[in-house]
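Below is one structure, written out as structure tokens, with a few remarks after it.
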Ligand code: HEM
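Residue numbers (this note's numbering): 961 to 1172.
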């Protein structure tokens, strides 16, 4: 058991866990987006979908607990990595700000990560833990997006999510060993497509909700 603990707290093990939990979130985002697309079909369709989800009861709670554990691992190990990189930075002489192969996505990973964390806490308070005794979940979402401030918060958060995934997607595959020169361009391309789909897919919902 000790070897397992040693592996997961060593640099390579931590990166491995970050990659696994990151891919877990990518799966979650894909299904969450698919469910949210029902907002385009109106209140009845979306509320029925939410009711079907909540009918899973204990199973849903297990899934939510899993998401929380994944989030804790991903955030804590991400902060640890950020701190280590910060301490290892060269001091005392001029360094190039951006290295070869660095992209906007890779350079901003810790900042977009923290922004997403703040967004998710806000998002859960706003929607998941909202009082649903007298209003439906569709009405809660619709009411939220009547405020320009709330729409702006979502736009900024969705841009951060898209940027984070544009690097995180292929980087996770690379960490898990899929860095074959033949497949990497394909994985990078898929990551880029997924980040654009997530950014536009989620980002258009607040705008649409002001129109209906
Ligand atoms: C326009 C974009 C989005 C909308 C309209 C939306 C809507 C919702 C709603 C209505 C719920 C509550 C479901 C319920 O309790 O019945 C929810 C839960 C949640 N959302 Fe979102 N969401 C959006 C984007 C995101 C993004 C980008 C993330 C992650 C980065 C995210 C993470 C979550 C999580 C973790 C939950 C809790 C899931 C659960 O408890 O099963 N959402 N969302």
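The C-beta atom is built at its ideal place from N, Cα and C for all residues, glycine as well.
Taking 7 Å as the cut-off, is the CB of residue 957 close to at least one heavy atom of the ligand HEM?
-> Absent from the structure is residue 957, since the part of the chain shown begins at 961 and ends at 1172.
Grouping DSSP H, G and I as helix and E and B as strand, with all else coil, what is residue 1068?
-> coil
Cβ of residue 1118 within 7 Å of any heavy atom in the ligand HEM?
-> yes
On a CA-only basis, which of 1165, 968, 970, 980 is nearest residue 1137? Give me that one, please.
-> 980
Going by the beta-carbon positions, is the gap between residue 1156 and residue 1122 smaller than 8 Å?
-> yes
Can you tell me where the alpha helix (DSSP H) with residue 1101 in it begins and where it stops?
-> 1097-1104
Measure from the alpha carbon of residue 1031 to the alpha carbon of each residue in 992, 982, 1064, then state which is nearest.
-> 982
Rounded to the nearest angstrom, how far is the Cβ of residue 1158 from that of residue 989, given a contact under 8 Å?
-> 6 Å
Out of 1151, 1101, 1141, which has the shortest C-alpha to C-alpha gap to residue 1010?
-> 1101
Short check: CB of residue 1087 to CB of residue 1070, under 8 Å?
-> no
Starting from the Cα of residue 1135, find the closest Cα among 1016, 1097, 973 and give me that residue.
-> 973
Heavy atom of the ligand HEM less than 7 Å from the Cβ of residue 1097, yes or no?
-> yes
Going straight from the alpha carbon of residue 1065 to that of residue 1022, what length do you get?
-> 32 Å
Between residue 1040 and residue 1139, what straight-line distance do the alpha-carbon atoms span, to the nearest angstrom?
-> 24 Å
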